[in-house]
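Peer 1: Mind looking over this structure? Questions follow.
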């Protein structure tokens, strides 16, 4: 892949690399995001984050909150395959937002440079914004060359996200592993009593475990009817090899 842009900010080194129509973002050598407008569905981790959106009825997702923008690959996927009315993307790193706009072609959304915890606290205190139909918690950084969650998804954090969710909406949360998800606030009794829908999505290509949580039941048949063939677990020719499991 050809290096097309590079920047050093403090102790962080950012690179954008391209191969044909495909563009990638790296931070300190860690692969963060990839987007190819000619072939957007290739079996990537970002598609695993997109998949749970199809649990919800078509056209229900009108407002999306994405916590952790990276290069903006998930924003591009949501715009192409879900087409919500509005997307708010929050990232603490201004370089990520610059890359999203300049190299990943992100436009037509609200990008906010902020700490996600402070942003959510601000929404909480104002209590004036409409709720979000889909909230994606993809808050990751890197430590010693390894990807890790930016902070723990404890019960307090999970309850804050639920406060910003529409009654029939869903939260999608990315974890390093299934063990990390099962130890998170989403599995605490005080949170679980508010949830009627809880699923996990995993791929054998990644250690990550994606949690999907809602106050209403989530129907797998709905997802299998709506998801694009390339990421649909029911399609034998899918590019995304994923497993969906209900959480009891």
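Residue numbers (this note's numbering): 157 to 404.
Where a beta carbon is used, it is the ideal one built from N, C-alpha and C, also for glycine.
Predicted model, so just to flag it, every value in this text is computed and none were measured.
Mind reading off the beta-carbon distance from residue 370 to residue 351? Whole number of angstroms is fine, and I expect it under 8 Å.
Peer 2: The pair is a contact, with the Cβ atoms about 7 Å apart (cut-off 8 Å).
Peer 1: Measure the CB-CB distance between residue 318 and residue 367 and report whether it falls below 7 Å.
Peer 2: Not a contact, by the Cβ cut-off of 7 Å.
Peer 1: Rounded to the nearest angstrom, what separates residue 221 and residue 388 at their Cα positions?
Peer 2: About 23 Å.
Peer 1: Among the candidates 186, 372, 360, whose CA atom is the shortest distance from the CA of residue 333?
Peer 2: The shortest C-alpha separation from residue 333 is found at 360.
Peer 1: Relative to the alpha-carbon of residue 340, which residue among 272, 315, 236, 158 has its alpha-carbon at the smallest distance?
Peer 2: The option with the nearest alpha carbon to residue 340 is 315.
Peer 1: In angstroms, rounded to a whole number, what distance separates the CA positions of residue 380 and residue 297?
Peer 2: Each residue's alpha carbon lies about 32 Å from the other.
Peer 1: What do you reckon, are the CB atoms on residue 218 and residue 241 nearer than 7 Å?
Peer 2: For residue 218 and residue 241, yes; Cβs fall inside 7 Å.
Peer 1: Assuming residue 157 contacts residue 169 under a Cβ cut-off of 8 Å, what Cβ separation, rounded to an integer in Å, is found between them?
Peer 2: Between residue 169 and residue 157 the Cβ distance is about 16 Å, and since that is not below 8 Å, they are no contact.
Peer 1: Between the Cα of residue 303 and those of 186, 175, 373, 180, spot the shortest distance and give me the residue it belongs to.
Peer 2: Looking at the Cα atoms, 186 is the closest of the given residues.
Peer 1: Decide if residue 232 is buried, meaning its Cβ has at least 16 other Cβ atoms within 10 Å, or exposed.
Peer 2: Its Cβ being crowded by 16 or more others within 10 Å, residue 232 is buried.
Peer 1: Below 7 Å between beta carbons: does that hold for residue 406 and residue 248?
Peer 2: Outside the displayed range of the chain (157 to 404) lies residue 406, so it cannot be described from this structure.
Peer 1: Helix or strand or just coil, what does DSSP make of residue 296?
Peer 2: Residue 296: strand per DSSP, three-state reduction.
Peer 1: Please list the segments of the beta strand (DSSP E) lying wholly inside the stretch 220–267, counting only runs of 3 or more residues, in order along the chain.
Peer 2: If we require 3 residues or more, the beta strand (DSSP E) runs fully inside the stretch 220–267 come out as 242–247.
Peer 1: Between 196, 188, 166, which lies nearest to residue 177 when the distance is taken from Cα to Cα?
Peer 2: Taking only the C-alpha atoms, the option nearest residue 177 is 196.
Peer 1: Let me confirm a value: residue 189 is counted as buried when at least 16 other C-beta atoms fall within 10 Å, else exposed. Which label applies?
Peer 2: By the 10 Å Cβ count, residue 189 comes out buried.
Peer 1: Please state whether the Cβ-Cβ distance between residue 228 and residue 256 is less than 7 Å.
Peer 2: Yes, they are a contact pair.
Peer 1: Please state the DSSP three-state secondary structure of residue 168.
Peer 2: Strand.
Peer 1: Considering only residues of the same chain and omitting the five flanking positions on each side of residue 205, which have a CB-CB separation below 7 Å?
Peer 2: So the qualifying residues of the chain are 230, 292, 294, 328, 330, 366.
Peer 1: Run through DSSP, which three-state label would residue 278 get?
Peer 2: Here residue 278 sits in helix by DSSP.
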